[in-house]
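In my numbering, the protein residues as written are 359 to 539. Backbone N, C-alpha and C fix where the C-beta goes; we use that ideal spot for every residue, glycine too. Inspection log for the structure reproduced underneath, given as structure tokens.
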């Protein structure tokens with residue numbers, strides 16, 4: 359094994375084998391074409407798996423803030439038409455002119471973008487620190503699942519009102535506590 363051989367060489371006062379010199383020692387002739395093809399296939403499968411996992415990865419700065427430490431962006435200039443109520447209405451309804459641009463409250467990754475009869479077009483964004491924002495009743499979604507978004511970037515065009523949900527560690531929280539309206 360290379361480690362043992364390098365140890366012997368160093369003890370004997372000779373130069374160690376550098377890993378760069380291994381490329382000269384091991385050539386494609388000694389490996390064989392079938393082995394190379396198998397290595398390329400394994401490498402491609404690994405790359406595809408890593409890319410799929412990174413598609414929905416968020417952040418990466420390693421920061422772990424509480425929700426109170428986050429700087430939220432206002433999703434649109436509008437008026438609260440129905441306030442948050444933990445039991446009866448665990449989200450916030452905002453009104454503005456129909457077609458107003460709805461913006462991401464934080465940077466993140468779109469994890470879902472769909473249509474439902476009940477909620478119109480819906481955009482769901484995963485953010486750092488176990489935060490999810492949900493934008494419902496959109497006239498049109500501007501982002502699709504897998505898209506990365508920055509705070510304040512357009513994610514949808516509003517329908518008759520914006521239904522905004524913010525979830526922190528699996529619990530609905532009052533968006534008005536974190537967003538200037």
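Cβ shell of residue i (< 7 Å), same chain only, five flanking positions each side left out
i: residue 453; result: 436, 437, 439, 519
i: residue 501; result: 468, 471, 481, 507, 513
i: residue 473; result: 479
i: residue 503; result: 468, 469, 470, 471
Identity of the residues DSSP links to residue i by a beta bridge
i: residue 485; result: 466, 489
i: residue 580; result: Given a span of 359 to 539 for the chain in the structure shown, any question on residue 580 remains unanswerable.
i: residue 506; result: 467
i: residue 496; result: 479, 516
i: residue 472; result: 480
i: residue 526; result: 489, 529
Neighbour-count burial assignment, residue i, 16 or more Cβ in a 10 Å radius
i: residue 527; result: exposed
i: residue 491; result: buried
i: residue 522; result: buried
i: residue 340; result: Given a span of 359 to 539 for the chain in the structure shown, any question on residue 340 remains unanswerable.
i: residue 538; result: exposed
i: residue 380; result: Only weak support is given to the placement of residue 380: the predicted model assigns it a pLDDT of 47, under 50, and the value that follows is read from those uncertain coordinates. Looking at its Cβ environment, which holds fewer than 16 other Cβ atoms inside 10 Å, residue 380 is exposed.
i: residue 362; result: exposed
i: residue 516; result: buried
i: residue 423; result: exposed
i: residue 461; result: buried
i: residue 360; result: exposed
i: residue 463; result: buried
i: residue 365; result: exposed
i: residue 426; result: exposed
Other residues of its chain near residue i: CB distance less than 6 Å, five sequence neighbours each side excluded
i: residue 525; result: 490
i: residue 458; result: 434, 516
Close beta carbons around residue i, own chain, < 8 Å, minus the five adjacent residues each side
i: residue 510; result: 431, 461, 462
Beta strand (DSSP E) runs contained entirely in the stretch 431-455, provided each spans 3 or more residues: Complete beta strand (DSSP E) runs here, min 3: 437-440, 450-453.
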